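2 protein chains.
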Amino acid sequence: MESKDAVAALGALAQENRLEVFRMLVQAGPRGLPAGQIAERLKLASPTLSFHLAQLRHAGLVTVTRDGRSLIYAADYDGMNELMGFLTENCCAGDAAGCGVPVCEPAARTVVRRRSRGVTRQ
Amino acid sequence: MESKDAVAALGALAQENRLEVFRMLVQAGPRGLPAGQIAERLKLASPTLSFHLAQLRHAGLVTVTRDGRSLIYAADYDGMNELMGFLTENCCAGDAAGCGVPVCEPAARTVVRRRSRGVTRQ
DNA sequence: TCCATATTTTTATATATATGGAATTATTGA
DNA sequence: TCAATAATTCCATATATATAAAAATATGGA
């Protein structure tokens, strides 16, 4: 991961509404949520939400797929994990015990197959 | 951690120069670095660096102690780890295996005693 | 006490970002 | 083909942020 990508991802998360959106998607799991449902839950005007989702998408933090009229947004866990790895990279000059950073491998990944109707737009 | 604190921390990191400063301090370890040395290594004007260090400090990502004429900045590893915990909180509705997030405990912490000359200003 | 060093604070200016109304595009079902 | 729904893009406005020159503060040594 490049420094510029990390700045983009951090900038995307550094906003109250977007952070809420992202955390909602992280908690929702790989199945994601339709934009309308996010807007409703967070009481955001649709152009506002659309703007924020685009930021998160360009930053590689969420993915989108169409399902009929709805666009389904989901957290991009790979993007998130890459970002966290970048922040802690080579911490304490390699002696991670100096700063309490998790040094273990990620939990074994369960692959979730998404409904494949519609076209993916990244 | 509150959402507002997370936004502050992410905003502090979402800037090219500050991200560089922070990563430099993360890699430098708990002993930290004097402001002048950071400015020199990153070729930043001192008021600019000072502004950025203040942002990181207010966001709880770095600490500062005085040593003679120098102010020594160090990464605040607790702050960083809290932030990452906040982002991944309750991911996949509790089934972390769904997204490959590290679920293990942080490495055992090695406490490093800092030189106690001067006053700590947070 | 005075000077040099290290760093911060103040201030001005330039630039980037957030918001929501209005118009637009895409999809489905009648 | 048309109306209804879901969401986006365009636009104007308000607000926040980054930068560095100049002035101010704190420390240590002569």
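Protein chains in written order, with this note's numbering: chain A, 1 to 122; chain B, 123 to 244.
Virtual Cβ for every residue (Gly too), placed ideally from N, Cα, C.
Predicted, not measured: the structure shown is a model, and the values here were computed from it.
- Taken atom to atom, the span from the alpha-carbon of tyrosine 77/A to that of proline 169/B is near 38 Å.
- For glutamate 162/B and leucine 10/A, the gap between their C-alpha atoms comes out near 25 Å.
- Alanine 197/B and valine 148/B do touch by the CB rule: their CB atoms are close to 5 Å apart, below 8 Å.
- Here proline 47/A carries a helix assignment [DSSP, helix/strand/coil].
- In terms of CA proximity to aspartate 127/B, Ala181/B leads the group Ala176/B, Ala181/B, Gly154/B, Cys213/B.
- Within the same chain, Cβ atoms closer than 6 Å to the Cβ of cysteine 221/B are found at Cys213, Cys214, the five residues on either side in sequence being excluded.
- Counting the other Cβ atoms within 10 Å of the Cβ of glycine 207/B gives fewer than 16, which makes it exposed.
- Under the 8 Å Cβ criterion, the stretch 139-155 of chain B does not count as touching the stretch 28-36 of chain A, having fewer than three qualifying pairs.
- For leucine 83/A, the enclosing alpha helix (DSSP H) starts and ends at 77-88.
- Going by DSSP, valine 62/A is part of the beta strand (DSSP E) stretching over 62-67.
- The beta carbon of arginine 18/A sits closer than 8 Å to those of Ala12, His52, Gln55, Leu56, all from its chain and outside the five residues before and after it, given in chain order.
- Scanning its chain for C-beta atoms nearer than 6 Å, with the 5 sequence neighbours on each side dropped, one finds around isoleucine 72/A the residues Gly32, Pro34, Thr65, in chain order.
- Distance from the CA atom of glycine 29/A to the CA atom of glutamate 211/B, rounded to whole angstroms, is 12 Å.
- At a cut-off of 9 Å between beta-carbon atoms, tyrosine 73/A makes no contact with chain B.
- Within 7 Å of the CB of methionine 84/A, the CB atoms of chain B belong to Met206, in sequence order along the chain.
- Contact annotation, leucine 164/B with glutamate 142/B: C-beta distance approximately 6 Å; criterion of less than 8 Å satisfied.
- About 7 Å separates the CB atoms of serine 125/B and glutamate 16/A; that is less than 8 Å, so the two are in contact.
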